[in-house]
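Engineer: For the sequence shown, position 100 (counting from the first letter as 1) is numbered 117 according to this note's numbering, and the numbering increases by one without interruption. We treat Cβ as the ideally placed atom computed from N, Cα and C, and that holds for glycine.
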Amino acid sequence: MSIARARLWHLPHLARILWAFTRATPWLPQVRSPRDDLRALAWVTRRGWVRVLRDGSGIAAFIVRDGSRVHALYVAPARRGQGHGGALLAEGKADTGALDLW
18 MSIARARLWH LPHLARILWA FTRATPWLPQ VRSPRDDLRA LAWVTRRGWV
68 RVLRDGSGIA AFIVRDGSRV HALYVAPARR GQGHGGALLA EGKADTGALD
118 LW
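#1: Which residues does DSSP pair with L70 in a beta bridge?
#2: According to DSSP, L90 sits in a beta bridge with which residue or residues?
#3: Report all residues from its chain with a CB closer than 8 Å to the CB of L25; omit the five preceding and five following residues, and keep chain order.
#4: Three Cβ pairs or more, each shorter than 8 Å: is that satisfied between the segment 91 to 107 and the segment 21 to 39?
#5: Give every residue of the same chain whose Cβ lies closer than 7 Å to the Cβ of Y91, excluding the five residues on either side of it in the sequence, and list them in chain order.
#6: Is the separation between the beta-carbon of R71 and that of A23 shorter than 8 Å?
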């Protein structure tokens, strides 16, 4: 596993992970169009707020974090339960000492 800053070329991977979650969560209201999701992902990626976790199969998870403030955390469906989300949170805690949720 490795964690690194997301780049704009990661957007298709981030969007697939995000959309897999939103499609599988029927109670979650759709507040943005797919185009707006991509714009939002690009905005936070350009600011350096997105960290991606890669495993042997590619990007498995990502976190959107501004300092200690966590805005989003998503793990690809097939990779859930393997500690990827915990690893991203642990990195954030190590960087800032503590995390809080938006």
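Structural biologist: Reading it off the structure:
#1: Here the question's residue 70 lines up with position 53 in the sequence shown. L70 pairs with I20 and A78.
#2: Walking along the sequence shown from the start, residue 90 turns up at place 73. In the DSSP output, where bridge partners are listed per residue, L90 has I80.
#3: As a first step, residue 25 must be located in the sequence shown, where it is residue number 8. Within the same chain, L25 has close Cβ partners A59, T62 and R63.
#4: yes
#5: Taking the sequence shown and counting its residues from 1, one reaches residue 91 at position 74. These residues qualify, in order along the chain: I34, L35, F38, A78 and F79.
#6: The count along the sequence shown starts at 1 and reaches residue 71 at position 54. The count along the sequence shown starts at 1 and reaches residue 23 at position 6. Not closer than 8 Å, so no.
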